[in-house]
Amino acid sequence: MHDALLDIIGFMSRPEPDVALMSEMAMPLERALLPLLVRIDRRGPIGVVELADVVGRDYTTVSRQVARLDELGLVVRRAGTRDKRVREAEVTELGREMADAVDRMREELVGELMADWTNAERRDLARLLKRMASSMDEWMASRKSEDAE
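Numbering (the UniProt record's numbering), first residue to last: 1 to 149.
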């Protein structure tokens, strides 16, 4: 299972799928910004430190990249709702449209990759992946609470 997960992560991290998506969409976005935009859309509003943690990148790099998304009008940054000292990013309507377009393109790609899978197999995989992701989130939350104590 570990090898399969590494292969999936490796595929999703490769530049080719994102570059192909962006070229088909004529998207004026650097490749490194795409995962951040999608994550902000899914989890926003989100602070830069938390976003950096989620994507496994350095805080200063993510901060610069979020500033670039802000310049492009894809996100807005504002004081946090829970902590006013934290600057949170949230997608704009334009950012949401772009993230939605990326979602559609990725769904098409996954559809191509799973063309010979049955609907039941697709549903089972989605259900099991959601379950695993939930377990991962719970594990991370428990680690953070242990660190805070």
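From the three backbone atoms N, C-alpha and C, an ideal C-beta is built for every residue, glycine too. What you are looking at is a predicted structure, and each value in this text was computed from that prediction instead of being measured.
Per-residue DSSP class, three states only, for V75: strand
According to DSSP, what are the bridge partners of E121? The partner list for E121 (beta bridge, DSSP) is empty, contrary to what the question assumes.
Restricting to runs no shorter than 4 residues, where is the alpha helix (DSSP H) found entirely within the UniProt domain "HTH marR-type" (2 to 134)? 2 to 13, 15 to 25, 33 to 43, 48 to 55, 59 to 71 and 93 to 113
Suppose you measure from the CA of P17 to the CA of S142; what does that come to, to the nearest Å? 34 Å
Let me know if D58 comes out buried or exposed under the rule of 16 or more other beta-carbons within 10 Å of its beta-carbon. exposed
Close beta carbons around G80, own chain, < 8 Å, minus the five adjacent residues each side: P45, G47, V86, R87 and E88
Where A52 and L113 are concerned, what is the direct C-alpha to C-alpha distance, given to the nearest angstrom? 29 Å
Below 8 Å, how does it come out for the segment 101 to 120 and the segment 66 to 79: are there three or more Cβ pairs, yes or no? no
Compute the beta-carbon to beta-carbon distance between M105 and L21, rounded to the nearest angstrom, for a pair I have assumed lies under 8 Å. 5 Å
Within 9 Å, strictly: CB atoms of L29 and V55: no
When the Cα of V102 is compared with those of E146, V19 and E121, which residue comes out closest? V19
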